[in-house]
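A.B. asks:
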Amino acid sequence: MADISHTTDGPSPLSAEGYGTSLLPDFDREFLSEEHLQSFATALSAPDPSPSTGDPRSPSPSTSARTSFDSSRTKLGGGASTSSLFITAQNDWAPVNSKKLKRKGERKGRKDKEKRKPQRSRDETREGYLYTLLKWPLLAIVGGWVIGLGASYLLTRLYIWTYEHFIAWRGKRKRLRSKLHRTTNYGDWVEAAKELDTFLGNDKWKTDSEYAYYDSKTVKRVLDQIKKCRRKIEEENRNGVRNPAVVINGSGHGSRSVEDLKALVEACVKNNFVGVENSRLYSQTYFGTKTLVQEFVDEVEKGIRLLADTKQIDGQEKRELFKRMHTNFGRTALCLSGGASFAYYHFGVAKALLDANLLPDVITGTSGGALVAALVATRTDDELKALLVPALAARITACEDSFTTWIPRWWKTGARFDSVEWARKSSWFTRGSMTFREAYERTGRILNVSCVPADPHSPTILTNYLTSPDCVIWSAVLASAAVPGILNPVVLMMKTRSGTLVPYSFGHKWKDGSLRTDIPLKALNLHFNVNFSIVSQVNPHINLFFFSSRGSVGQPVTHRKGRGWRGGFIGSAVEQYLKLDLNKWLKVLRHLELLPRPLGQDWSEIWLQQFSGTITIWPRSIVSDFWRILSDPTPSQLGRMLHVGQQSAFPKLLFLANRMKVERVIERGRRETRESVRRGSIESILSEDDMRSLLRGDGEGTTDGETEGETSADEMINHEGVRETVEGVGVMEMEL
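One point on numbering: in the UniProt record's numbering, the residue at position 515 of the sequence shown is 515, and numbering is uninterrupted.
1. Measuring CB atoms only, is the stretch 30 to 44 touching the stretch 421 to 437, in the sense that at least three cross pairs come out at less than 8 angstroms?
2. Straight-line CA distance for residue 645 to residue 386?
3. To which residues of the same chain is residue 70 closer than 6 angstroms at the C-beta, ignoring the five residues directly before and after it?
4. From this set, 42, 323 and 368, which residue's C-alpha is nearest residue 671's C-alpha?
5. What are the boundary residues of the alpha helix (DSSP H) that residue 536 is part of?
6. Tell me which residues share the same chain as residue 590 and place their Cβ nearer than 7 angstroms to its Cβ, disregarding the 5 neighbours each side in the sequence.
7. Look up residue 290 in the DSSP assignment and say whether it is helix, strand or coil.
8. Would DSSP call residue 781 helix, strand or coil?
9. Quick one: Cα of residue 15 to Cα of residue 185, how far?
10. Starting from residue 174, trace the alpha helix (DSSP H) in both directions and tell me its first and last residue.
11. In or out: residue 400 buried (at least 16 other Cβ within 10 Å) or exposed?
12. Between the stretch 357 to 368 and the stretch 499 to 519, can you find at least three pairs of beta-carbon atoms closer than 8 angstroms?
13. Would you list the one or two residues that DSSP bridges to residue 555?
14. DSSP on residue 357, reduced to helix/strand/coil?
15. Rounded C-beta distance between residue 543 and residue 618? I'm assuming under 8 angstroms.
16. Would you mind stating whether residue 388 and residue 351 have Cβ atoms separated by less than 8 angstroms?
17. Residue 477 and residue 430 - do their beta-carbons sit closer together than 8 angstroms?
18. Between 361, 622 and 23, which lies nearest to residue 341 when the distance is taken from Cα to Cα?
19. Please report the straight-line C-alpha distance between residue 295 and residue 269, rounded to a whole angstrom.
20. Please list, in chain order, all residues of the same chain as residue 741 whose beta carbon is under 6 angstroms from its beta carbon, the five residues on each side excluded.
21. Give me the residue from 508, 273 and 528 with the minimum Cα distance to residue 40.
22. Go through its chain and collect everything with a Cβ distance to residue 11's Cβ below 7 angstroms, but skip five positions before and after it.
23. Under a three-way DSSP split, which group does residue 434 fall into?
24. Along the beta strand (DSSP E) that carries residue 495, what are the first and last residues, could you check?
25. Using 8 angstroms as the Cβ pair cut-off and three pairs as the minimum, do the stretch 209 to 225 and the stretch 571 to 581 touch?
26. From which residue to which residue does the alpha helix (DSSP H) around residue 463 run?
27. When the Cα atoms are used, what is the spatial distance from residue 660 to residue 332?
28. Take residue 415 and list the residues in its own chain whose beta-carbon comes closer than 6 angstroms to its own, dropping the five residues that flank it on each side.
29. Taking its Cβ as the centre, do 16 or more other Cβ atoms sit within 10 Å of residue 524, making it buried, or is it exposed?
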């Protein structure tokens, strides 16, 4: 159950206490050193990749003095060192070395220049007379149809909004709803939500076990069996009865009751077992779900806790049991979308999760959401409770440049903001040049930031402590926010063992992650077994299209006691048709390659990628947010955004709490079976058996007086060859 006490909430966003900057931790501290800032500026000024026109190993004369690094300062994390050269390539498939430059002093004649063929910039897949003839007429026809569909969609949503606010919400129902929206902490919100549910008669729906969206019969049968086994084991423990372990094939197993409980729990601890995690189970009331579902989740948690505490299962068997349950059940991640200044609503969402003790360990952010995710992942819980207040606005100064400053900059560089200045400002949110691995070791949270390569052919990357442990977080935040025309592509930086910064990934440049992967669910599943996602979505260009015709989690339909359709069946049907038709025609434009590519960028993915998750939170923005999309918030504006972000997250917390209580007790069981493991150490990555197999594989690790099977655990842990191998490969923690 989520923490609904008032003691963890910290200052309310609407209270005067949250406006004092003196209470903010490290408010006046500047974390980023000038040396690191200069290293970043030097990397940005390096020559662009141009293998067809010059030697990529040699910097241009104008920047050679600034781009040379001492080889002793550029050692990589794995012990290898790089030279004082920038290695560049046009894309991942182009060779690093093309033609050798002619010796210095040799001059090319005019004949050679005239004979040199100009580089083709036309996309060869667009050749053909019919394509050239029909491209613009087709684009005009489809574009006009899309505009018409968009206008119709706006009118439909306006009709539904009018219906809900002037017909459905009236009388006492409206007063109770207003009371719900005025609450500033989760405890008060729960009380107001229960009062509203009682008035609407939703309590009866909770007690009725039957529902079409989950298998109630299976849930009831499994629940009764788990209760029976658990009570029998507890009775045996109280009476001091200890059934002898049954030896099967030489391995010790617990009593029959323990074995039955283990089989039952392992069978039902799966992602969305028989539909118990279906969002519709939480969409019919403002707070709560089916009584049977709540009892089932609570009983599964008790069963797992009992298996973790019992001594009738040996350590090895228990370790394997919790490893299997972790794999089957998966992990939860918080995903913060991009959205320029709309991203500050994420602060309120993070505060609501933190206050309820439901903040997941895996956090990902893109563009503006990356800045919020970096703050959350680099601070402890106590620091966050003091930071997530309106006074934080004094540190948000990314857009403070005046009109007379950024217009000339945009005219000269093609970007409104300066990359080096943004590095200085964003470094406070990341505690200076902290790397992804250092953030994980400090807080235990796994930060992920989506970055897109500047060339259109290379795949996107998800930077984290596994894929890029030594990458500096503020450089990834800048890369993820580098929208063409707003911020030029930047170089990712990495920290060496000596503490200096050098370019990461050969100095390639990166840009806004929202262009391709705003919500990187596939990569999160690959790296961290994430199959349950909480998406805080604030992108202004798609926020309008989030519409739940049958209600969403904690927000049922406003009329007919939550059993109908929003705006009536006709209104919801028209909304669905228009939205799906819009999506279809946008895909036609993309697949026929009819869209222009301003700034050399394919912009179709900003509409057609996945923007939602298992739980999707969309804070209610207001019209003035669009005018301030590239401006800094005042303390009062940030206070409102914190309040709205909290309010949008409160309805989802019970659903998340039921998920997290099972996930955390599984994680606790995994930790307790490996108590001596330090976070981030080699032991947390490889087990003793894995290290022993590595040592046996190459014949090393044994002394003259030892056999291969007698190598001690301490010697394996301190074996330098194994340690360097593991650190270099960067295998996934806790998955082996």
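Glycine included, C-beta positions come from ideal geometry on N, C-alpha and C.
C.D. replies: Answer, in terms of the structure:
1. yes
2. 17 angstroms
3. Its pLDDT being 38, under 50, residue 70 is placed unreliably by the model, and the measurement read from it follows with that caveat. Closer than 6 angstroms at Cβ, skipping near neighbours: no residue.
4. 323
5. No alpha helix (DSSP H) contains residue 536, which is instead part of the beta strand (DSSP E) from 530 to 536.
6. 604 and 608
7. coil
8. In the structure as shown, the chain begins at 1 and stops at 736. Residue 781 is therefore absent and cannot be evaluated.
9. 12 angstroms
10. 171 to 182
11. exposed
12. yes
13. 552
14. coil
15. 6 angstroms
16. yes
17. yes
18. 622
19. 15 angstroms
20. It is not possible to answer for residue 741, since the shown part of the chain is limited to 1 through 736.
21. 508
22. 17, 18 and 389
23. coil
24. 493 to 495
25. no
26. Unbroken run through residue 463 is the beta strand (DSSP E), 461 to 463; no alpha helix (DSSP H).
27. 8 angstroms
28. 487 and 488
29. buried
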